[in-house]
Amino acid sequence: MLPFANPSPGLRTTCLLFNDCVQEEAVPILETSEVICNGLLWSKSPGATPILADALGILKIHNQFMGHEGRRRAFRMADIILKTRLEELQGTPSEKWTETDTIKVARFFVDRGCAQSQLKMMAEAGLDFDKGQEYYSTSWTEATLPARFGHLYSCKIWALATARKKEETADLANRAVNLITQCYGLDHHLTIWTNFRAALVFFVVGET
């Protein structure tokens with residue numbers, strides 16, 4: 000007997016808890032949602048898959064700050080999320096995907112790339128970042144989807160920097176900073192974080 004039939008309300012509560020930095024209470028709710036959804040998947044219950052992906056998406060963020068083993072768990076979660084989403088869309092030609100479908104798949108490739116880069120799997124991460132950019136570029140440009148492209152670039156520069164691709168790293172880092180600043184302004188935390196990431200890769204490739 001499952002604890003409750005629909006874990007979605009728990010996820011909404013968890014998002015609020017995470018936004019308020021109350022992770023100690025949020026994580027058990029997410030883990031319960033994961034258990035419930037896995038049970039529902041075995042019973043072929045409709046609607047369980049996207050809820051599981053949502054739960055794992057937030058759990059992944061928590062785990063990636065929990066040391067090496069946490070980063071390994073985060074990668075496994077990112078891999079499950081991406082494969083689950085692609086399985087959902089299997090049989091639907093990509094040209095018939097909704098805009099939301101395309102953006103989600105692109106974002107999940109970027110998320111898995113980030114998880115790989117944190118495990119020093121830079122070659123694999125680079126491939127996922129390229130794939131994410133390919134999906135974004137099917138329907139959008141930097142001008143029409145600046146926040147997503149800016150976030151992608153701020154992640155992709157790690158793979159480029161470790162490959163010592165100096166010119167590409169510098170170009171993409173500057174574009175990331177410009178796009179995120181355009182979207183959020185100079186004082187926003189995402190702009191500050193993107194500037195910090197850009198500074199780190201400039202240091203790695205010897206750019207001043």
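For the sequence shown, numbering that gives the first Met the number 0 puts the final residue at 207, and the numbers step up evenly by one.
Just so you know, even glycine gets a beta-carbon here, dropped at the ideal spot from N, CA and C.
Where the alpha helix (DSSP H) through residue i begins and ends
i, result
"residue 85", "66-88"
"residue 165", "165-183"
"residue 155", "145-161"
Burial state of residue i, where buried means 16 or more other Cβ atoms lie within 10 Å
i, result
"residue 150", "buried"
"residue 148", "buried"
"residue 53", "buried"
"residue 171", "buried"
"residue 92", "exposed"
"residue 137", "exposed"
"residue 85", "exposed"
"residue 70", "buried"
"residue 89", "exposed"
"residue 122", "exposed"
"residue 195", "exposed"
"residue 185", "exposed"
"residue 199", "exposed"
"residue 59", "buried"
"residue 193", "buried"
"residue 103", "buried"
"residue 6", "Confidence is the limiting factor: at residue 6 the pLDDT is only 42, short of 50, which leaves the residue's position unreliable and the question unanswerable from this model."
Collapsed DSSP secondary structure at residue i in the structure displayed
i, result
"residue 138", "coil"
"residue 187", "coil"
"residue 238", "An answer regarding residue 238 cannot be provided, because it is not within the stretch 0 to 207 covered by the chain."
"residue 115", "helix"
"residue 101", "helix"
"residue 192", "helix"
"residue 121", "helix"
"residue 133", "helix"
"residue 220", "This structure does not reach residue 220, given that the chain is present from 0 up to 207, and the question cannot be answered."
"residue 56", "helix"
"residue 8", "Unreliable placement is indicated for residue 8, whose pLDDT of 47 sits below 50; no coordinate value is reported for it."
CB contact check: residue i to chain D, cutoff 9 angstroms
i, result
"residue 175", "The question asks about chain D, but that chain is absent: this structure has only one protein chain."
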